[in-house]
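In the working numbering, the protein residues as written are 12 to 815. Beneath this line is the structure, given in structure tokens, with notes to follow.
Here it is in structure tokens:
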């Protein structure tokens, strides 16, 4: 296949990230695949209103029909017309999109002058051929340009609202209605940006590797960063942070740019801050090698190769929570730190690493492992599936890691409910040694998605068909409860895209895991001789049989649930449950099976849940405010039952504020509740952490269900003292009155008051629970259990060299 890579050249002879990306693609396609690739670059100045429009038209007129496929990465290159156009997006013109708000300019433009009005009318016309619409626009702009000298020049300011509307129109038309065959993005940050991609278009994330030839790992001596010295890179923030770093440690800054003089003046006479100017690739790698850490704090960076390069050299990265791309690799407390963008917060983390060099080295090792799989081979495979001709064609193209495919009935990322948390964090931890693809299903109307949600962990999300969604809604109307999961074996054939997505995922897979049993019919339709494992979150026959018994269709679905659960046990090589009690119950229900059964309990991402002791918690409570009791839970019958009990507790202890968090809250919307009960519903991670820290006490009055309760581990990790029934702590093997306070459900009101009056006991329980969570329930620890069993199974099934 003859492939054309089309690129723009806004500033002649300047080499940056885009240029390296284009050259890297061309070189690696030609060296490691049977395809022939040429790079075509056109001058594309963008210094003014008319320069930018000329550049857009230049690419629109470019004839690329002699190629079998055309690849573009940036504006205005994607203006080309080709039936096999693949867009691997780096970014749109950010000053007219996601950073436009900084200009203070309005977002809409109005004018009554006839030539301007003609342009605006074209911009507002929906439908029609993309090419015809663009041709009409350029014709109208040519007429306008001839009269521009007589018009207010304010119309043509750049950036400004008129050029913004025109560029949005051109970009959208160039990439809509099938003009682009496939969309990819260099990062999840780019893929998620508003207005960057057409609605409903699936976008695959393919992280490009660094262009450095070496990644040495030396000593840990100084702070180092590399960046263009420009405002969005926020080097000034780093210099300000150094004023709060008392240690005698150097900050070395590589790079040049328009703010160099200003930044040097800001650094003043601080002898610790050294501006290195331009450094070549070999020098850059050597500076990374001996850095203690690499602070990199840009604003909303598209990707940030600095992060990747630092981690390849085994260095932790300190970034900011609004830095964009770097946060796709920086895992707080694991591969570095992500802090609020202020000098004090940045300095606090830098001081920590300076004072704990062994911790910096530990994080660096983890960081290097996290980014080790980012290669040109993986990018090329994403751009052109099956592009690499033979495994020997390139080192990048050899897959040395086993691949696991996991099926679910619901989206996994971002994780919010209990099942989502377990799947995301368990397989994220396991992905250190395996390539893992989760094939999930989303509601009808949502955007299809395929992309990396963590290093080596991909989610392929398939929306239900309209017919599937309608049939499911009809069943829910009769049962009056959600039936997405239990109806799946009956309805999955109505979304054929799921089976096709799963079939493609399994082409090179070594194992498929049914996370819940409900996708078993479609797994069996496509897996062939690929071994199957079953991850049992609950005993589905017991759980669903209880809630579905009220209607005839409900009883049919309950019987179907029991059948697919039995089949999952019968057909699987491995079965792993959340508790030993569940393992015994499966054997009781379905008898002995050849599958090996073992337990992988529920866990918690320790690094993402900061511990907060009672003294710090007290500071979050306004004077005179009531103590806060927290309950978290998804829409799950045992949680709904527990919430009903909590509403009764609230009436008996009116001086306490009860906060309910999670999707179970939807069942209580519209009900008259006691004034001291608040429904928060689904919350993001930041709000969840805030509520965990604000709570004086967490409760878990569970009396039914199976598996174990993830909420208990969130409470433990955050340092929130816990009151639970004995049943609520099942499967965790934790000790009552040591890690949590135990009481029968009927005695919870008295137990709540007893705990609230005993801060010393709450402090003791919280501290011991956190220690237990760190030692036994971190997802990395639990993934090791699964890693051993999977390694043993795949060693029997495959000749691959597998991790132990």
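The beta carbon of each residue, even a glycine, is placed where N, CA and C say it ideally should be. These numbers come from a predicted model, not from an experiment.
N-terminal and C-terminal residue of the alpha helix (DSSP H) that residue i is part of
i: residue 79; result: Run containing residue 79: none; DSSP gives neither H nor E here.
i: residue 534; result: 531-537
i: residue 765; result: 759-767
i: residue 361; result: 354-366
i: residue 792; result: 790-808
i: residue 555; result: 551-558
i: residue 70; result: 60-71
i: residue 390; result: 387-394
i: residue 512; result: 507-516
i: residue 179; result: 172-185
i: residue 439; result: 429-441
i: residue 28; result: 28-43
i: residue 201; result: 199-202
i: residue 779; result: 770-787
Where residue i falls: helix, strand or coil (DSSP)
i: residue 233; result: strand
i: residue 138; result: coil
i: residue 19; result: strand
i: residue 324; result: coil
i: residue 491; result: coil
i: residue 406; result: Summary for residue 406: the model assigns pLDDT 35, below 50, so the residue's position carries little reliability; its value from the coordinates is reported in the next sentence. Residue state, collapsed to three classes: helix.
i: residue 822; result: A question about residue 822 goes unanswered here, because the residues of the chain that appear run from 12 up to 815.
i: residue 211; result: coil
i: residue 55; result: coil
i: residue 680; result: coil
i: residue 263; result: strand
i: residue 668; result: strand
i: residue 349; result: strand
i: residue 690; result: strand
i: residue 4; result: Residue 4 cannot be examined here, being either before or after the span of the chain that is shown, 12 to 815.
i: residue 415; result: strand
i: residue 162; result: coil
i: residue 399; result: A caution first: residue 399 carries a pLDDT of 47, below 50, which makes its placement in the model unreliable, though a value can still be read off. Coil, per DSSP.
i: residue 423; result: coil
i: residue 297; result: helix
i: residue 446; result: strand
i: residue 330; result: strand
i: residue 256; result: coil
i: residue 216; result: strand
i: residue 565; result: helix
i: residue 145; result: helix
i: residue 650; result: helix
Identity of the residues DSSP links to residue i by a beta bridge
i: residue 312; result: 335
i: residue 98; result: 83 and 194
i: residue 706; result: Partner(s): none; residue 706 has no beta bridge.
i: residue 291; result: According to DSSP, which records beta bridges pairwise, residue 291 is partnered with nothing at all.
i: residue 343; result: 347
i: residue 734; result: 710 and 752
i: residue 127; result: DSSP lists no partner for residue 127.
i: residue 14; result: 48 and 80
Where residue i falls, given that 16 or more other Cβ within 10 Å makes a residue buried
i: residue 305; result: buried
i: residue 5; result: In the structure displayed, the chain extends from 12 to 815; residue 5 sits before or after that span and is not available.
i: residue 281; result: exposed
i: residue 741; result: buried
i: residue 312; result: buried
i: residue 612; result: buried
i: residue 518; result: exposed
i: residue 420; result: buried
i: residue 350; result: buried
i: residue 624; result: exposed
i: residue 675; result: buried
i: residue 211; result: exposed
Limits of the beta strand (DSSP E) - the one that residue i falls within
i: residue 545; result: 543-547
i: residue 286; result: 284-288
i: residue 306; result: 302-306
i: residue 526; result: 522-526
i: residue 738; result: Per DSSP, residue 738 belongs to no beta strand (DSSP E) and is neither H nor E.
Near the ligand GDP: residue i beta-carbon under 7 Å from a heavy atom
i: residue 658; result: In the structure shown, the ligand GDP is absent, as is every other ligand, since no ligand is present at all.
Problem set entry | 4-residue-minimum alpha helix (DSSP H) runs that sit fully inside the stretch 577-646, ordered along the chain | DSSP runs (the alpha helix (DSSP H)) wholly in the stretch 577-646: 591-601 and 625-630.
Exercise. Along the chain, which unbroken stretches of the alpha helix (DSSP H) at least 4 residues long are found entirely within the stretch 448-495?
Worked result: Fully enclosed alpha helix (DSSP H) runs of 4 or longer: 477-490.
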